[in-house]
Every structure is written in C-alpha cells, then in structure tokens.
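End of the sequence shown sits at 254 in my numbering; the numbers just go up one at a time, nothing left out.
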Amino acid sequence: MLTTLPDAASAQQLADGVLDERLAACVTELGRVRSRYRWKGQVESAEEVQLLFKTSAVRALELERFIAAHHPYETPEIISWPATASAAYGQWVATETHRPTHV
Numbered sequence: 152m153l154t155t156l157p158d159a160a161s162a163q164q165l166a167d168g169v170l171d172e173r174l175a176a177c178v179t180e181l182g183r184v185r186s187r188y189r190w191k192g193q194v195e196s197a198e199e200v201q202l203l204f205k206t207s208a209v210r211a212l213e214l215e216r217f218i219a220a221h222h223p224y225e226t227p228e229i230i231s232w233p234a235t236a237s238a239a240y241g242q243w244v245a246t247e248t249h250r251p252t253h254v
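What follows is the structure, given as structure tokens:
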C-alpha cells in the first residue's frame, strides 16, 4: 500500500502507528517526491514524503482505514495492489502482522 504525506514528521508518526498496531510488517520511506495535481480547480505542486507499507491480505482493509483515519490530508492518497513475494518474505509479513488471540 502506498501513501504520501506532507513532511517527515507526519510520515514517521503514521509509520510508527501502523507498526505499533501490527498493520504492516515494514514501512519503507521512499523519500521526498514532488507531486503536481489538480485540487479544487487549481493545479498545485508540493513536496511530499512517500511511504510504502508491506502488509498481509488479512490486514489490508484495516491498514487502509488506519491510514485514512490518521492522515493529515483531507483526501489522502491510498493506493494498494496485490503482490506476490518469496515464500520466506511472505511468511515473515504474515507473522509480523498477526495478532495473537487472547484466551
């Protein structure tokens, strides 16, 4: 899953929250990007920080909802797509996004 944020501080805060909730096994900061986009009838330009979240299919919807709820933008970019991974990496992601049930 991919999103962009306005600055490093908000990117770190979102990444920390996602990892604390076990919604992703890894969050990669892809770095600063310049985005040009149409917003409310105007062409805008902004420097942003792009984050890539590695999660399991089981946590994808919950991750999307978390990003939407904790994102500083009115309409955050949240893009997701299915992906395949090596068996070992896929198992690691599944393990890290699993929440133990309490009996």
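Heads up, the beta-carbon is just placed ideally off N, CA and C, and yes, glycines get one too. If you're wondering where the values come from, they're calculated on a predicted model, not measured in any experiment.
Practice prompt. Taking ALA245 as the reference, give the member of SER207, THR235 and ARG216 with the closest Cα.
Written response: With distances taken between CA atoms, ALA245 lies nearest to SER207 out of SER207, THR235 and ARG216.
Practice prompt. Rank GLU198, ILE218, VAL178 and LEU181 by C-alpha distance to the C-alpha of ARG187 and give the top, closest one.
Written response: Out of GLU198, ILE218, VAL178 and LEU181, GLU198 has the C-alpha closest to the C-alpha of ARG187.
Worksheet item: Which class does TRP232 belong to by DSSP, given the choice of helix, strand or coil?
Response: Under the three-state reduction of DSSP, TRP232 is assigned to coil, being neither helix nor strand.
Fill in: Same chain only: Cβ atoms within 8 Å of PRO223, ignoring 5 sequence neighbours per side
The residues are LEU156, PRO157 and SER161.
Worksheet entry | Whole runs of the beta strand (DSSP E) within the stretch 165-226, excluding any shorter than 3 residues | Counting only runs of 3 or more residues that sit fully inside the stretch 165-226, the beta strand (DSSP E) segments are 177-190 and 193-205, in chain order.
Fill in: Cβ shell of PHE217 (< 8 Å), same chain only, five flanking positions each side left out
Cβ neighbours of PHE217 beyond the five flanking positions: GLY168, VAL169, GLU172 and LEU174.
Worksheet entry | From PRO227, GLU247, LEU202 and THR235, residue whose alpha carbon lies closest to that of GLY182 | Residue nearest to GLY182 within the set PRO227, GLU247, LEU202 and THR235 is LEU202 (criterion: CA-CA distance).
Worksheet item: Looking only at its own chain, which residues have a Cβ that is under 8 Å from the Cβ of THR248, when we skip the five neighbours before and after it?
Response: So the qualifying residues of the chain are ARG173, LEU174, ALA175, ALA176, THR206, SER207, VAL209 and ARG210.
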